[in-house]
Amino acid sequence: MAQKEAKARLKINMLLSDAGWRLLDDENGPANVDVENKVDIENSGDDFENTRRGFVDYLLLDSNQKPIAILEAKRESIPPLSAKEQARDYANSLHIRYVILSNGNTHYLWDMQFGNPEPISSFPTLSSLEDEKKWVPDVDALVNENISRTYIAESQMPEIKTHPDYVNEDTRSEFLEKNKLKILRNYQVNAIKAVQKSAQNGK
Numbered sequence: 004m005a006q007k008e009a010k011a012r013l014k015i016n017m018l019l020s021d022a023g024w025r026l027l028d029d030e031n032g033p034a035n036v037d038v039e040n041k042v043d044i045e046n047s048g049d050d051f052e053n054t055r056r057g058f059v060d061y062l063l064l065d066s067n068q069k070p071i072a073i074l075e076a077k078r079e080s081i082p083p084l085s086a087k088e089q090a091r092d093y094a095n096s097l098h099i100r101y102v103i104l105s106n107g108n109t110h111y112l113w114d115m116q117f118g119n120p121e122p123i124s125s126f127p128t129l130s131s132l133e134d135e136k137k138w139v140p141d142v143d144a145l146v147n148e149n150i151s152r153t154y155i156a157e158s159q160m161p162e163i164k165t166h167p168d169y170v171n172e173d174t175r176s177e178f179l180e181k182n183k184l185k186i187l188r189n190y191q192v193n194a195i196k197a198v199q200k201s202a203q204n205g206k
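Going by the working numbering, the sequence shown opens with residue 4, and the numbers climb by one from there.
Written out as structure tokens, the structure reads:
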């Protein structure tokens, strides 16, 4: 292993330990981190001629010793996001939802079910991943939420839509500024409605 990569691995090992992950068995339980775990990456289902093999840098295990996340490590000089597609292949092959990308200094957590890699300052704990995995968003509530320009302002002042100073266009701007009420712009309303539509369509 190159010196720079080894240095990054040492930092990553410390970050894992700080977050409560165990690289070795100890008094708290068995190790829940596997290093250099071999993975078969299937490109075309049962077409074994198109199966590639690779190694996951770190495989993180849940309370039942089942894979819950993978961690792809890069040397310090390489941006962690450069491993995104490789990590995606590994995670899909292992049916894992969470991916951590790190070069020892910069880190990202990727919930592949709900978005893109997000920068993090420390590694997630096992309990945080298990709790998040149990959480299921209420898609119906999101889709059925009535979004208008006064959506945020109504949480600040429920009666805003019927308030005389808001209804009157001549006094509206002064009224909003005086009460520090937030009004959404049309493009913001449209963006939220686009998210609702995507959720409704299961995207």
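No residue lacks a Cβ here, since even glycine has one placed at the ideal position from N, Cα and C.
In the DSSP assignment, P167 falls within the unbroken alpha helix (DSSP H) covering 167-170.
Short of 6 angstroms from the beta carbon of S85, and not among the five residues preceding or following it, lies no beta carbon of its own chain. The beta carbon of T153 sits closer than 7 angstroms to those of I163, K164, I186, all from its chain and outside the five residues before and after it, given in chain order. Taking 8 angstroms as the cut-off, the beta carbon of L63 is found no closer than this to the beta carbon of W113. One Cα belongs to I99, the other to N119, and the distance between them is close to 15 angstroms. One thing to note: L184 has its Cβ within 8 angstroms of the Cβ of M160. K77 and N106 have their C-alpha atoms roughly 5 angstroms apart. CA-to-CA, the gap between M17 and V170 works out to about 59 angstroms.
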